[in-house]
Amino acid sequence: MKNQRIIVAIVLLALAAAPWIGISDYIIGVLTMICFYGVFAMSWDLLFGYAGEVNFGPSFLIGLGAYGAGLADADLGLPLPLCVALGTLAAVLGGLLLAIPALRLRGPYFGLITLVAVLLLQDAIVIFAGTTGGEIGLSVPDILSVNATVNFYYALGLLVIAGTVLLTVANSSFGLILQAAGQDAIEAQALGFNVVKYKIAAFVLSAFFSGLAGAMLVFYLGTASVDAMVDIAVGIQVIIAAVLGGRRTIIGPVLGAAFLIGAGEILRPLGQVSGVVVAAVALGTILIFPNGFLGLLRGRHSA
Amino acid sequence: MKQTSKRRVIRALGALAATTALTAIAMQPVRADTPAPIEIGITASLSTIPGAAIANAAKLAIADINAKGGVNGHPLALVIEDNQTSATNAVSSFQRMVNQDHVVAVVGTWISEVALALEPWSARLHMPFLVTGAASNDISAFVHKDYAAHKYVFHAYFPSAFLAEGVCDLAHDVLADQLHMKSAVVISEDAAWTKPLDAGYAGCLPGAGLKVLKEIRFSPDTADFTPIFQQAEALNPDIIISGWAHVGVQPTVQWADQKVPVPLAGINAQAGSSAFWKATNGGTEGVITTSTSAPGVANTPLTIPFTDEYQKAYGISPAYSAYSTYDAILALATAMQAEHSTKPDAIVAGLEKTDITGTQGRITFLGQSSPYTHALRFGPGYVTGVAIQWQSGTQKCIWPANLANAKPEFPGFVKLPKLASAN
Amino acid sequence: MTGLLEISGLTKRFGGLVAVNDVSFDVRPGEILGLIGPNGSGKSTVMKLIMGIERPNAGKVRLNGVNLAGRPTYEIARAGIGIVFQHSRPLHRQTVLQNILLGLLPDRLTAMRAGADAIAHATAIAGRVGLGHVLQCLPATLPFADLRRMELAKAIARNPLVVLIDEPFAGLTSGEVKDFSDLIVSFRDEGRAVLLVDHNVKSVAAMVDRVIALYLGEIIAQGHAADVMADETVRRVYLGGGITTHERPVAIFANTQPILAVKDLSVFYGKAQALEKVDLTLHPGEFVSVVGLNGAGKTTLFNAISGFVAYDGAIHWQGRARTGQSAAAIARAGLVHCPETRELFGDMSVAENIALGGQFLPGPERLERQAWLFELFPILKARLQQSARTLSGGEQQMLAIARALMMNPQLLILDEPTLGLAPVILGQLSDALKYLREQTNITILLGEQNVTFALPHADRVYVLEHGRMIWEGTPTRFAGEMAENFLQA
Amino acid sequence: MLILQILIDGFAISALYALGALGFTLIFGVSGVLNLAHGAVLVTSAMVAWYVGTNEAAGALAGAASGIVAGVITSFVTYAVVVRPIQRSKAIPEVERELFVLTGTLLWGVMLQIGLGYIFTTTPVTVHQLVSGTVNILGVRTPTNEILIAVISWLTLGLLWLLVNRTPAGKRLLAASINPRGLTLMGVELDQVHLLAWGIYGVIAGIAGVLLGSFLGTSSAYIPALTGTAFSIVVLGGLGSVTGTVIAAYVVGYIETLTAYLISPSLRAVPALILLVLVLYFRPQGILGRR
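Protein chains in written order, with my numbering: chain E, 89 to 391; chain P, 1331 to 1753; chain V, 13 to 501; chain C, 27 to 317.
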């Protein structure tokens, strides 16, 4: 037990020390993006892996967080922490909005609602371009920091906090009940659990971290834009990261995000083709190892 | 269960660390021993025609400059990053160019969204950034608002407001004077760059002699343009004035298919490319768009050699962004040469003093007093742009008069004002 | 003496079908009440209504005088009712201990870690139901009986006043039945009220205090087990007119080459063994019945023979060993399976269903066969353009058989054709089977739990119990040797 | 006049929507697959039709034919490389097949999208029209191509209807969509039915892609929107219901056209999305869907 904790601590320290061991600012920037996408993917995994809800629109929640915070900063000029809080709040409200149909609809129908939610948000942003900057994006006056290392610590801190909270929740009694609700809602009710309550809580939690990360991402990138935070493609990346890394593990999705972002950067010299390669590797992985990277590591170990 | 989940966490973190290490190793820069070239970063969406044109023109520009001995004895080199039309990708590649490739300046992007996302990074990293195709007014407005921070940004292309002025000049000289047109309907894609454009149109078209009957804006992902053309046609305008960049092929093709009897002029950015004829199956016959330069038209002595060279190298005529990119790199090289430095502030100082002849015209950047600080100076004697019209598969220049190599001609289904036919 | 659980006027309609009609009864503390009835009589629906999984159209469910009807399931569970579903519903990704622990957790979002006492409690419950040795196993690795034990454990975890148990003994060996009976009796001895649902009175007779017999959604008899068993209505529902046998001499078939020979057939579902070294032989033209209770393995056996589930062992079809053929190829070869679920094309018309059965026949032969089938089942001709979904249960069964016969079968497997059908329909089906046996040379393999239906046409009978063939012989011998097991309703 | 205009304009676009969504609903009905690479199949056909029709001396007709062939090939590759391996995989739990098919086809669609963008650039192109010119219908000037598109769409719809309802192979498709196990019991190999379904899907998607490309233009950048529109229409009509899909296509097509004419072209997509949300909330199975 003690040894294991030490290993966890060492890996985290190694990450935290990354800026000090001669790694360039650019790689720090890549690691920062990995942290943000890691949080997105983890939050999605809580909904899918535990609550059993396939949310095709993680970028709805991310986008609400991002634009909530961005608008608060650009149009209202509120202080940055307050903006992040408002963005997160917007995402949580969005999560509640999604939870209502989720409790009524199954499978593809709920999936579609989440997709439509993204499209409507996107349309709203374009229609109210005067306020939101439309498809060009919304530039915000404030940023977290100009220093790559500081930004990285913000992102790493977010990843550690979100990871700790989500893992704790997933492994808690709440997580067990949530899994029961996701796998067999009737059985969970027959055992005396108000399934609705747990699912709503899961949506709120997932939306909270998606929105928080989305809001912080705005102040990292210095801009809120449809194609970086709302587009369906962003949601697809998040889902693929989670499935690729190993769904239902919370940690796995972070690995998936690291792969997607890392591989994308390494293959960048290939230009457009890099996207095909990354998608092909991801497709191959889910076909051959459906449990993702984490499943692969676990499987090899036990074999 | 506790055991397994703990172990899972640890293995996951191990894997994460390994991925990180691999990423780090793979990304360590490999430096050659040759005399250090001056690196210039290019950011463009290479799968779009204007994006590819940016990279192509940049290659020609540094080849030309290096052939003349480079800058202060150093050759120029390019780091070309495909931003894949994504602000996120653009930001990370911008960081990579600055922090890893140690470029002295970044040039490119025809997409306002990308340009605006990069602007804060240019400010934070003190990295000269020359935008060579995007048109948002905000690009230079931000420089004006916070000069100290944003002075590293140069808008080496026109803000929408200037684009509107160009169209109005065309409207005055050709549409109103030559063709006796009196009324127009403005049809623009709903994008932030067209807001100031439409405002510009509304302000200057009446002065040019065209009454604006209506402004129609449509969503950039509109597929069926029939309702829009119908609405316009019902008002019996003499001309439709366009404001299109993200769309182009579809409205043009549908305009031709539906034989909309009203001619089409204005900004139709995609129509500036020679590939547009094939993309529209010839539907673009008779379409007029403003552009900075046109093939076969000598804005300056540099224009035709550049166009020919480009055509020879890439088998396609340069898109509008090619001209602005070529000129921007020329200006950048001149600035570095003049200041004997590649330091950001020196480059900014040099660029602010830019006064060169480029492919588009005389290139200078507006000063702090202008609300469009660091934007390309527009107007007679500087860069005015040209109007091209597609005629039988080629782009002809119909304006300004001193550069024109053809008279306006329209397909049979287009109805012109009566006086014009009498002409 | 008033009931702990009082049911009054409970009614549930599904569309036009009245599944439960004005049912009222009480269960008292420290009592086991048996709720029996043949398949489709509404027993399971009554349980779901009590538990709030289905909402009753009318009626009351009172626990200690408080009406719970219409309340959400979780409130009913919290109020003190636990349920064991007919089919196990484990959480597949959680261990046995976690599954049981779940039942002990509070319904609070802030519940973070289950305390040591909760784990100890869950462990104790697991030990009580006999799962002490598999606490850390995943459900998929457990044998069937252990899954059922886990269901019992979950149901009593919250210490409920009332326990509802649906079909506790289905698929269990006699040793396991004893264990389970003891456990259920111990629930009663703790003062709980137990409502036990079973389709077979015999299996619960020894432990129940009272029995209620349900048929077509209504109570037809209640009282002590012996009285209910003796009740005339109940006997008629369960036994029909009593056993008759008409087997043909074994010698007729003995010398022919078997059309189907099954040897040492075993089937596993995960770790659970559904069939264990089953042998079965059919001769051309023979009519053979396989009888066995729910969960004995009849359907699994038929699915293995028709290629729907993987198996160990050998199957010889028309003298040749069968290897690797698809289920569809097996069907085209003349081994046609008419499953208990009927598998009709619900949204297609009767004519289309029949046409799909005869799709591989040449045109003229198809018409001829169709005409013959309309003689056998005249009602189908009248319903030709009606969609299969809208037919009555009996008509659907006839259509399923007719569709199978269109396939020109050498061997026709009929699985539980009487399931959920009214007695009057059984007569018609019985006539059809008689005709098929006497007028055609189709070999028939009939699976039934309704012995009175299975025996009259059979030339030979197999008895399947807990996945094993325990008996084989003529119907007449069956009447003497085995019938008691099945008849003591 | 305006009403007539809306009627005519909406009719063609709706017919195209119906055709575009039809293949999607067919594959879902027969094999339960939501093919999120649908838009990519459409655009692949259109791109090939454009390339052959413009670049070779082949002409528009040969271009259209190559586009349809490309649709069929892409369809089979989608089935063979992505869908079938997932359906056959023993490592993927039954309950999660759906998610894996969705993720797998999504990734495949992304690969096609980027690949097409790389080969043909993302700048839109227009497939060569089979006919040009306009016709005056009661005073409304209508492109002949638009009329042809509506006619071909309805012909394809009609042929599909005949195929499904009047031929043995079609009956099998229908039966497979209702009860696959029942069809196996009738001696029909489901694999063959699935191959047939993907073949028909390829043809329909090919035709739809080529027509879309000639009416509205095509680009790899349109892929997500096309998939999204098809998905919305299919869900609105009821998953797996062909008639529902056609009705929903007309509802969406006309709502969009009405919005564009009477309210604002820039709000074109919004009312249909809101309608979709309302339908999903109040009648999740869609207009003609079964639960």
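Glycine is no exception: its CB is placed at the ideal position from the N, C-alpha and C atoms.
Beta-carbon gap between residue i and residue j smaller than 8 Å
i	j	result
Gly280 of chain E	Tyr447 of chain V	no
Gly1680 of chain P	Ala1665 of chain P	yes
Ala70 of chain C	Leu142 of chain C	Checking the displayed sequence, the identity of residue 70 of chain C turns out to be Thr instead of Ala. Yes. Within cutoff.
Gly309 of chain V	Gln422 of chain V	no
Ala1374 of chain P	Asn1413 of chain P	yes
Gly153 of chain E	Ala179 of chain E	yes
Leu1543 of chain P	Ser1518 of chain P	no
Val238 of chain E	Arg1454 of chain P	no
Thr1462 of chain P	Ala1491 of chain P	no
Val108 of chain C	Leu371 of chain E	yes
Val473 of chain V	Val303 of chain V	yes
Ala201 of chain C	Met360 of chain V	yes
Leu1408 of chain P	Ala1435 of chain P	no
Leu45 of chain V	Leu208 of chain V	yes
Ser1423 of chain P	Arg356 of chain E	yes
Residue interval of the beta strand (DSSP E) (run including residue i)
i	result
Asn1598 of chain P	Leu1594 to Asn1598
Cys350 of chain V	Leu347 to Cys350
Gly71 of chain V	Ala70 to Leu75
Tyr227 of chain V	Arg222 to Tyr227
Ser1621 of chain P	Ile1618 to Ser1621
Met481 of chain V	Arg480 to Gly485
Tyr281 of chain V	Leu272 to Tyr281
Tyr474 of chain V	Arg472 to Glu477
Selection from the options that minimises the alpha carbon distance to residue i
i	options	result
Ile19 of chain V	V:Arg161, V:Met63, V:Asn420 and V:Asp221	V:Met63
Leu193 of chain E	E:Val142, E:Gly299 and E:Leu170	E:Val142
Gly1602 of chain P	P:Val1583, P:Ala1649 and P:Gln1580	P:Ala1649
Asn61 of chain C	C:Ile249, C:Leu200 and C:His154	C:Ile249
Gln1508 of chain P	P:Phe1743, P:Gly1742, P:Asn1735 and P:Ala1731	P:Ala1731
Leu173 of chain V	V:Glu43, V:Leu226 and V:Met59	V:Glu43
Ser290 of chain C	P:Lys1737, P:Ala1736 and P:Arg1547	P:Arg1547
Thr257 of chain V	V:Arg395, V:Ala414, V:Arg170 and V:His469	V:His469
Bridge partners - residue i, DSSP secondary structure assignment
i	result
Asn1611 of chain P	None; Asn1611 of chain P has no bridge partner.
Ile44 of chain V	V:Val206
Gln1721 of chain P	P:Thr1724
Trp1729 of chain P	P:Ala1717
Lys1475 of chain P	BP columns for Lys1475 of chain P are empty, so no partner.
Asn162 of chain C	C:Arg167
Asn79 of chain V	V:Arg74
Thr311 of chain E	E:Ser227
Unbroken alpha helix (DSSP H) run spanning residue i, endpoints
i	result
Arg378 of chain V	Gly375 to Leu388
Gly263 of chain C	Ile249 to Gly263
Leu109 of chain V	Val108 to Leu114
**Request:** List in chain order: all unbroken alpha helix (DSSP H) runs of 4+ residues lying wholly within the region 175-241 of chain C.
**Result:** 194-204, 206-211 and 216-241
**Prompt:** If you scan the region 122-153 of chain C from start to end, which runs of the alpha helix (DSSP H) of 4 or more residues do you find wholly inside it?
**Reply:** 123-146
**Request:** Within the region 201-272 of chain E, note down every full beta strand (DSSP E) run reaching 3 residues or more, in order along the chain.
**Result:** none
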